[in-house]
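What follows is a single structure, written as structure tokens, with notes after it.
Protein chains in written order, with my numbering: chain V, 758 to 970; chain E, 26 to 126; chain S, 990 to 1089.
As structure tokens, then:
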């Protein structure tokens, strides 16, 4: 079977394009991925089709999914209550998956701002937001978010109103977290779809707020 | 063997994270060991990751809690208000009752 | 003592809001972990334990998905899903395709 690390150049993918290799030779680790995958396929543990479909599945998971959840919570107080009580069940109301982990939604309000980190690795609500960004997995974020959250927020350009409590959540075990950011002013009467367009991934991780229009 | 260990703590209970330092795969962060907090909620019971990491069953399931800590309790040099908090998921076997200490 | 992956509270520089578009090989590594864990051939706990076992400098010398594929391979070897010999031979073959 010919290796196919070149074929990604041909993908006209609407989402983030595959980054081409810096040169044409495989690194040891890229070669290991090829070897492991080929052997697993030959042993019948996975199929090439399953791998391809799983890659596509993750590509299709973007923060836009989480943004829909936030927008719904902003316009529907009863939904918000259900979301805070049982996040996994509530997201299925929007046709989203329950997901493999328990979803804890933490709400920002006038008095408190929530921020999420995984100091031990990179736990993240992937099934709702897609793959986490590099900075979320970086040493700097994982080290400092628990210890000096306000300084980290400032680095993201986030200034909180005086008297706001900061609550950091370290995702160390089987929970996954979604921050429900505050609905910005100037959005009265907006449709859910329009509201969702304001909600960024970074706001749902808790390093910033949703910017007013 | 029973499939689940009984829950020892209720929400609001004061607890202290054990200051143990075993080798192996541990999900209790170093920075929180020995610190005092309160149970914020019971998350449910889950297979023990310390055992799953070595391909064992992880049974019986262990109760998992979110424990809320005052940041000033966790970090002597914390730069922020007294009411800032840090919530960490901790398995029951890493918690002792804090009681009056 | 603190393990090198256990980073909460360590001194570190500013958070650089870096992100990159994942390369196809990285997405495949991610896909393999999801598929293998769904099929019961690995757990995320084994993955994490093997990442933690890569050594203190793994975070300097290896990227995120390099650590993952190294740990996936270790896990599969431990479970006996793959053997060292077949992995070695296939790596040689892959390399030969590159240069042959």
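Ideal placement from N, C-alpha and C gives every residue a C-beta, glycine not left out.
Which residue marks the beginning of the alpha helix (DSSP H) containing residue i, and which one marks its end?
i, result
"residue 958(V)", "958–962"
"residue 820(V)", "820–832"
"residue 845(V)", "844–849"
"residue 906(V)", "906–912"
"residue 926(V)", "First-last for residue 926(V): 922–927, but that is the beta strand (DSSP E), not the alpha helix (DSSP H)."
"residue 1080(S)", "1073–1088"
"residue 790(V)", "785–799"
"residue 864(V)", "No alpha helix (DSSP H) holds residue 864(V); the beta strand (DSSP E) holding it covers 859–864."
"residue 99(E)", "96–99"
"residue 886(V)", "883–886"
Tell me whether residue i sits in a helix, a strand or coil according to DSSP, three-state version.
i, result
"residue 773(V)", "Low local confidence applies: a pLDDT of 38 at residue 773(V) is under 50, so the model's placement there is unreliable, and no value is given."
"residue 73(E)", "coil"
"residue 933(V)", "strand"
"residue 1031(S)", "coil"
"residue 41(E)", "strand"
"residue 1069(S)", "coil"
"residue 758(V)", "No answer about residue 758(V) holds up, because its pLDDT of 36 lies below 50 and its placement is not dependable."
"residue 803(V)", "coil"
"residue 837(V)", "helix"
"residue 995(S)", "coil"
"residue 901(V)", "helix"
"residue 51(E)", "coil"
"residue 1060(S)", "helix"
"residue 967(V)", "coil"
"residue 1053(S)", "helix"
"residue 1025(S)", "helix"
"residue 1009(S)", "coil"
"residue 1046(S)", "coil"
"residue 814(V)", "helix"
"residue 854(V)", "coil"
"residue 765(V)", "The predicted position of residue 765(V) is uncertain, since its pLDDT is 34 and thus under 50; no value can be drawn from it."
"residue 952(V)", "helix"
"residue 1018(S)", "helix"
"residue 726(V)", "Nothing in the structure corresponds to residue 726(V), since chain V is present only between 758 and 970."
"residue 917(V)", "coil"
"residue 79(E)", "coil"
"residue 1037(S)", "helix"
"residue 809(V)", "helix"
"residue 1003(S)", "coil"
"residue 780(V)", "Because residue 780(V) sits at a pLDDT of 49, beneath the cut-off of 50, its placement in the model cannot be relied upon, and the following sentence gives the value as read from the coordinates. Here residue 780(V) sits in coil by DSSP."
List the residues that DSSP assigns as beta-bridge partners of residue i.
i, result
"residue 106(E)", "None, per the DSSP bridge assignment."
"residue 114(E)", "91(E)"
"residue 86(E)", "29(E)"
"residue 61(E)", "41(E)"
"residue 67(E)", "90(E)"
Which bits of chain V does residue i rub up against, with CB to CB less than 8 Å?
i, result
"residue 31(E)", "Residues of chain V passing the Cβ test: none, with the nearest at roughly 19 Å."
"residue 69(E)", "859, 931"
"residue 112(E)", "924, 925, 926, 927"
Locate the beta strand (DSSP E) running through residue i, then write down its first and last residues.
i, result
"residue 29(E)", "Looking at the DSSP string, residue 29(E) is not in any beta strand (DSSP E), and its letter there is neither H nor E."
"residue 120(E)", "120–122"
"residue 873(V)", "869–874"
For residue i and residue j, which I take to be in contact (beta-carbon distance under 8 Å), what is that distance rounded to the nearest angstrom?
i, j, result
"residue 1061(S)", "residue 786(V)", "Not really, about 11 Å apart at Cβ, beyond 8 Å."
"residue 958(V)", "residue 820(V)", "4 Å"
"residue 921(V)", "residue 868(V)", "6 Å"
"residue 884(V)", "residue 850(V)", "Contact flag wrong, Cβ pair sits at about 15 Å."
"residue 827(V)", "residue 961(V)", "7 Å"
"residue 997(S)", "residue 56(E)", "4 Å"
List, in chain order, every chain S residue whose beta-carbon is nearer than 8 Å to that of residue i.
i, result
"residue 803(V)", "1021, 1024, 1025, 1028"
"residue 77(E)", "1032, 1034, 1035"
For a contact meaning CB atoms closer than 7 Å, what does residue i contact in chain V?
i, result
"residue 1035(S)", "Those within 7 Å of residue 1035(S) in chain V number zero; the least Cβ separation is about 13 Å."
"residue 105(E)", "907, 923"
"residue 108(E)", "922"
"residue 100(E)", "904"
For residue i, go through chain S and note every residue whose CB falls closer than 7 Å to its CB, in chain order.
i, result
"residue 806(V)", "The premise fails here: residue 806(V) is roughly 11 Å from chain S at the closest Cβ pair, so nothing lies under 7 Å."
"residue 74(E)", "1034"
Give the interface partners of residue i over in chain E, defined as CB-CB distance under 8 Å, in chain order.
i, result
"residue 997(S)", "54, 55, 56, 57"
"residue 1041(S)", "50"
Nearer than 7 Å: is that true of the beta carbon of residue i relative to any heavy atom of the ligand PLP?
i, result
"residue 1084(S)", "You won't find the ligand PLP in this model; it holds no ligand whatsoever."
Quick one: list the residues of chain S neighbouring residue i, beta-carbon separation under 9 Å, in chain order.
i, result
"residue 872(V)", "Result: empty, since nearest Cβ-Cβ is about 12 Å, beyond 9 Å."
"residue 46(E)", "990, 991"
Determine the chain E residues that contact residue i at a beta-carbon separation under 7 Å, and present them in chain order.
i, result
"residue 876(V)", "54"
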